[in-house]
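Trainee: Just passing along the structure, written as structure tokens.
2 protein chains.
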Amino acid sequence: MNNNLKVGIVGYGNLGRGVELAVKQNEDMELVSVFTRREPSSLKTVYGANVCACEDILDYKGKIDVLILCGGSATDLIAQTPEFSKNFNVVDSFDTHARIPEHFENVDKAAKDGGNVALISSGWDPGLFSMNRVMGESVLTEGNTYTFWGCGVSQGHSDALRRIDGVRYAAQYTVPIEKALESVRNGECPTFTTREKHKRECYVVIEQCADMDAIRQEIVTMPNYFADYDTEVYFITEKDFLENHTSMPHGGVVIRSGSTGENNSSKQTYEFSLKLDSNPEFTASMLVASARAVYKMFSDGACGAFTVLDIPISYFSKYSSEELRKNFL
Amino acid sequence: MNNNLKVGIVGYGNLGRGVELAVKQNEDMELVSVFTRREPSSLKTVYGANVCACEDILDYKGKIDVLILCGGSATDLIAQTPEFSKNFNVVDSFDTHARIPEHFENVDKAAKDGGNVALISSGWDPGLFSMNRVMGESVLTEGNTYTFWGCGVSQGHSDALRRIDGVRYAAQYTVPIEKALESVRNGECPTFTTREKHKRECYVVIEQCADMDAIRQEIVTMPNYFADYDTEVYFITEKDFLENHTSMPHGGVVIRSGSTGENNSSKQTYEFSLKLDSNPEFTASMLVASARAVYKMFSDGACGAFTVLDIPISYFSKYSSEELRKNFL
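Residue numbers (my numbering), protein chains in the order written: chain A, 1 to 329; chain B, 1001 to 1329.
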């Protein structure tokens, strides 16, 4: 027996794998089990964790402090987070911004029924970026908030490319436009069209004899995904793709450009940025810190749904409040 | 009668003046009174606020929701924050890092005796920088945290220059060394000597016939302040000084440079920065948002001392949790 935080992972894709790696970096935690909808014996994890079938998860009730849900937002989390929060403390990275209020309500009801704490929409956006959007706006009341994403791979846009006939592999990079960033950092408080903030770069491997011109045309005119952006399409070889475009870098910037003083004469710039070699590993690291916060909330007697905006920063840390005041404040 | 947050300001120097300006930017707040140790009738504030003597402050008990303490750390706050927290909710910007634990204990006892909430050491460092040091370390367990200050005016170092015989006016700028910042941003996780992180630039106006060489020598060899840095001394005219060196810009950067993944192969960089035309106006804006957070804590039934690490980010905002989830998450 020890006092380590006992976590479970539901879903073992890139994110679940990242959580396994991140738990290993945190001495105050241990991984009890990975839960999968695949045949458990078919799944070997990086460090050889225990693997169980999702349907047996209730056998672990009382043996896991926090479940970290690592499915996708659209079909997995929307159902899983309310379901599992009846029996476990949970954290998810639900990132369909428009459906967050609805997801929050569903999870809040289930978690309250079960007497558990559920932290939804953790990660970096939503997550750390949200914290900075709120903090920037709260301190600099008069001003504008800007979020830029990239340079990094967008899974949704890469998937859209792969659905095109004749496309074999594809990676889509979202790239912030340097001139726009510069204007914001100079305190010019510009307004932008979609096209002025980001451009999109597509690296595409096609099937033998596929029609490059037709594919390029289909990409750059695709509504919602590419039509509103300046989009560059590069056709590359399979070898080039596998060597250079299979990692998942990402990042971005939140800037609050505000003004204070008589006649708003003082420009004040608040900036938060991330530059990530691995998007899923970073999101996973944030989920693991969030699991610690969830358990502290639960230990305080809280129950229901929460977001990163509702939880003190000290709760994400392994250090005590005394240590934080002494060494970090 | 209205539901505005009623604030008082104790001390009307650059910071107190900044708070008066910041309260004006926040529609949910009103300034009840400024409290001063000067003769009240001698003090005219920017917007003509009510001004009272500090000794009459207890007449305002029950009429002010939060007192914002705007004195200096060394002699004012160390005594005032415990004293006033017996009768009022308070926020201060106590920034003597080494004495924070002692200050916290004193204030905690007094605030608990009075049933009040006291938030100490708010501002940007300590304050927003502390929040980011803790969050960066919590998410990226393996890595290094760096804080760089500047480019900006350090009051303490400028004061040290002014105490030198023959110096009439002086401003000291702390300047981060670009090469060091670059190395950190590249994920090289360097270790630095003091001299390698920051340099110091001094702009000095001397009395007629003062000895430049002696003054320069006294500056660059001054222990604690300048001896451990590369220090440049520029002698300038009074006109140049008054035109170009009387504003109080500042800023800085907190960087967490971490790694995740198998064999720590993914570099992950977390960065928070401020670029401020006016240091006191920005600190004041943070204190005003903090006053809102203090009153929400008080309304929750909390009492005692807190730091920015102990309070959810949503408490600093004028928006409800529902609005924040819908529009900011």
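All residues carry an ideal CB built from backbone N, CA and C; glycine is no exception. If you're wondering where the values come from, they're calculated on a predicted model, not measured in any experiment.
Between which residues of its own chain and residue 1064 (chain B) is the CB-CB distance below 8 Å, once the five residues before and five after are set aside?
Mentor: For the purposes of this step, residue 1064 (chain B) is taken as residue 64 along the second sequence, with counting starting at 1. Counting only Cβ-Cβ distances below 8 Å, and skipping sequence neighbours, we find 1006, 1007, 1008, 1032, 1033, 1088.
Trainee: In this structure, how does DSSP classify residue 1157 (chain B) when only helix, strand and coil are distinguished?
Mentor: Reading the second sequence from its first residue, position 157 is the one you call residue 1157 (chain B). In this structure, residue 1157 (chain B) counts as helix in the three-state DSSP scheme.
Trainee: In chain order, what are the residue ranges of uninterrupted alpha helix (DSSP H) at least 4 long that sit wholly in the region 1062-1122 of chain B?
Mentor: Listed in chain order, they are 1078-1085, 1100-1114.
Trainee: Could you give the first and the last residue of the continuous beta strand (DSSP E) run that contains residue 259 (chain A)?
Mentor: Here residue 259 (chain A) corresponds to residue number 259 of the first sequence, with the count starting at 1. Here the beta strand (DSSP E) through residue 259 (chain A) covers 250-260.
Trainee: Is the CB-CB distance between residue 1138 (chain B) and residue 1283 (chain B) below 7 Å?
Mentor: What you label residue 1138 (chain B) is simply residue 138 of the second sequence in a count that begins at 1. What you label residue 1283 (chain B) is simply residue 283 of the second sequence in a count that begins at 1. Not closer than 7 Å, so no.
Trainee: Got a sec? Which residues, its chain only, sit under 6 Å from residue 1315 (chain B) by beta carbon, not counting five neighbours each side?
Mentor: The count along the second sequence starts at 1 and reaches residue 1315 (chain B) at position 315. Once the five neighbours on either side are set aside, the close Cβ partners of residue 1315 (chain B) are 1293, 1296.
Trainee: Quick one: Cα of residue 1055 (chain B) to Cα of residue 1037 (chain B), how far?
Mentor: In the second sequence, the residue the question calls residue 1055 (chain B) occupies position 55. In the second sequence, the residue the question calls residue 1037 (chain B) occupies position 37. Approximately 8 Å, taken between the alpha carbons.
Trainee: Below 9 Å on C-beta distance, what does residue 1134 (chain B) contact in chain A?
Mentor: What you label residue 1134 (chain B) is simply residue 134 of the second sequence in a count that begins at 1. Simply 313, 314, 316, 317, 319, 324, 328, 329.
Trainee: Could you work out which residues of chain A lie near residue 1046 (chain B), taking near to mean beta carbons separated by less than 9 Å?
Mentor: Translated into the one-based positions of the second sequence, residue 1046 (chain B) becomes position 46. By Cβ distance, chain A contributes 262.
Trainee: Using only the alpha-carbon positions, how far apart do residue 1165 (chain B) and residue 1202 (chain B) sit?
Mentor: In the second sequence, counting from the first residue as 1, residue 1165 (chain B) sits at position 165. In the second sequence, counting from the first residue as 1, residue 1202 (chain B) sits at position 202. Roughly 15 Å between the two C-alpha positions.
Trainee: With the cut-off set at 7 Å, would you say residue 1219 (chain B) and residue 1233 (chain B) are in Cβ contact?
Mentor: Translated into positions along the second sequence, residue 1219 (chain B) becomes position 219. Translated into positions along the second sequence, residue 1233 (chain B) becomes position 233. Yes, the Cβ-Cβ distance between residue 1219 (chain B) and residue 1233 (chain B) is below 7 Å.
Trainee: Between residue 274 (chain A) and chain B, is any beta-carbon pair separated by less than 7 Å?
Mentor: Your numbering for residue 274 (chain A) matches position 274 in the first sequence. Taking Cβ atoms only, chain B reaches closer than 7 Å to residue 274 (chain A), which makes this a yes.
Trainee: Output the boundary residues of the alpha helix (DSSP H) element that contains residue 1129 (chain B).
Mentor: Position 129 of the second sequence, counting from 1, holds the residue named residue 1129 (chain B). Run containing residue 1129 (chain B): 1128-1139, per the alpha helix (DSSP H) assignment.
Trainee: Taking the Cβ atom as the reference point for each residue, do residue 126 (chain A) and residue 1287 (chain B) lie within a distance shorter than 7 Å?
Mentor: Position 126 of the first sequence, counted from the first residue, corresponds to residue 126 (chain A). Position 287 of the second sequence, counted from the first residue, corresponds to residue 1287 (chain B). Cβ distance not < 7 Å, so residue 126 (chain A) and residue 1287 (chain B) don't count as in contact.
Trainee: Can you tell me the Cα-Cα spacing of residue 1198 (chain B) and residue 325 (chain A), whole angstroms?
Mentor: As a working mapping, residue 1198 (chain B) is identified with position 198 in the second sequence. As a working mapping, residue 325 (chain A) is identified with position 325 in the first sequence. About 25 Å.
Trainee: Within a Cβ cutoff of 6 Å, which residues of the same chain sit near residue 1057 (chain B), ignoring the five residues on either side of it in sequence?
Mentor: In the second sequence, the residue the question calls residue 1057 (chain B) occupies position 57. Excluding positions up to five away in sequence, the list reads 1035.
Trainee: Are residue 242 (chain A) and residue 1268 (chain B) close, meaning C-beta to C-beta below 7 Å?
Mentor: Counted from its first residue, the first sequence places residue 242 (chain A) at position 242. Counted from its first residue, the second sequence places residue 1268 (chain B) at position 268. No, these two residues do not count as a Cβ contact at 7 Å.
Trainee: Would residue 282 (chain A) count as contacting chain B if we go by Cβ distances under 7 Å?
Mentor: Position 282 of the first sequence, counting from 1, holds the residue named residue 282 (chain A). With 7 Å as the cut-off, residue 282 (chain A) counts as an interface residue toward chain B.
Trainee: Round the Cβ separation of residue 53 (chain A) and residue 20 (chain A) to the nearest angstrom and send it over; I've been treating them as touching at under 8 Å.
Mentor: The sequence position of residue 53 (chain A) within the first sequence is 53, counting from 1. The sequence position of residue 20 (chain A) within the first sequence is 20, counting from 1. With 8 Å as the limit, residue 53 (chain A) and residue 20 (chain A) do not qualify as a contact, their Cβ atoms being about 18 Å apart.
Trainee: Closer than 8 Å, Cβ to any Cβ of chain B: which residues of the region 97-112 of chain A, in chain order?
Mentor: Result list: 97, 100, 101, 104.
Trainee: Taking the alpha carbon of residue 1100 (chain B) as the point to measure from, which residue in B:1188, B:1323, B:1090, B:1073 has its own alpha carbon closest?
Mentor: Start at 1 with the first residue of the second sequence, and residue 1100 (chain B) comes out as number 100. Measuring from the Cα of residue 1100 (chain B), the nearest candidate turns out to be B:1073.
Trainee: Report yes if the C-beta distance between residue 1174 (chain B) and residue 1228 (chain B) is below 7 Å; otherwise report no.
Mentor: The residue labelled residue 1174 (chain B) in the question sits at position 174 within the second sequence. The residue labelled residue 1228 (chain B) in the question sits at position 228 within the second sequence. No, they are not a contact pair.
Trainee: What is the residue span of the beta strand (DSSP E) that residue 214 (chain A) lies within?
Mentor: In the first sequence, the residue the question calls residue 214 (chain A) occupies position 214. Unbroken run through residue 214 (chain A) is the alpha helix (DSSP H), 212-220; no beta strand (DSSP E).
Trainee: Three-state secondary structure (DSSP) at residue 1172 (chain B)?
Mentor: The count along the second sequence starts at 1 and reaches residue 1172 (chain B) at position 172. Note: residue 1172 (chain B) maps to strand in three-state DSSP.
Trainee: Classify residue 46 (chain A) as helix, strand or coil using the three-state DSSP reduction.
Mentor: Taking the first residue of the first sequence as 1, we reach residue 46 (chain A) at position 46. In the structure shown, residue 46 (chain A) sits in coil (DSSP, three-state: anything other than H, G, I, E or B).
Trainee: Using only the alpha-carbon positions, how far apart do residue 322 (chain A) and residue 163 (chain A) sit?
Mentor: To locate residue 322 (chain A), count along the first sequence from 1; it is residue 322. To locate residue 163 (chain A), count along the first sequence from 1; it is residue 163. Rounded to whole angstroms, residue 322 (chain A) to residue 163 (chain A) spans 53 Å at the Cα level.
Trainee: For residue 1120 (chain B) versus residue 1107 (chain B), is the C-beta spacing smaller than 7 Å?
Mentor: In the second sequence, residue 1120 (chain B) corresponds to position 120, counting from 1. In the second sequence, residue 1107 (chain B) corresponds to position 107, counting from 1. Yes, the Cβ-Cβ distance between residue 1120 (chain B) and residue 1107 (chain B) is below 7 Å.
Trainee: Take residue 170 (chain A) and list the residues in its own chain whose beta-carbon comes closer than 6 Å to its own, dropping the five residues that flank it on each side.
Mentor: To locate residue 170 (chain A), count along the first sequence from 1; it is residue 170. 158, 161, 162, 204.
Trainee: Just verifying my parser: in three-state terms, what is the DSSP assignment at residue 329 (chain A)?
Mentor: Position 329 of the first sequence, counting from 1, holds the residue named residue 329 (chain A). In the structure shown, residue 329 (chain A) sits in coil (DSSP, three-state: anything other than H, G, I, E or B).
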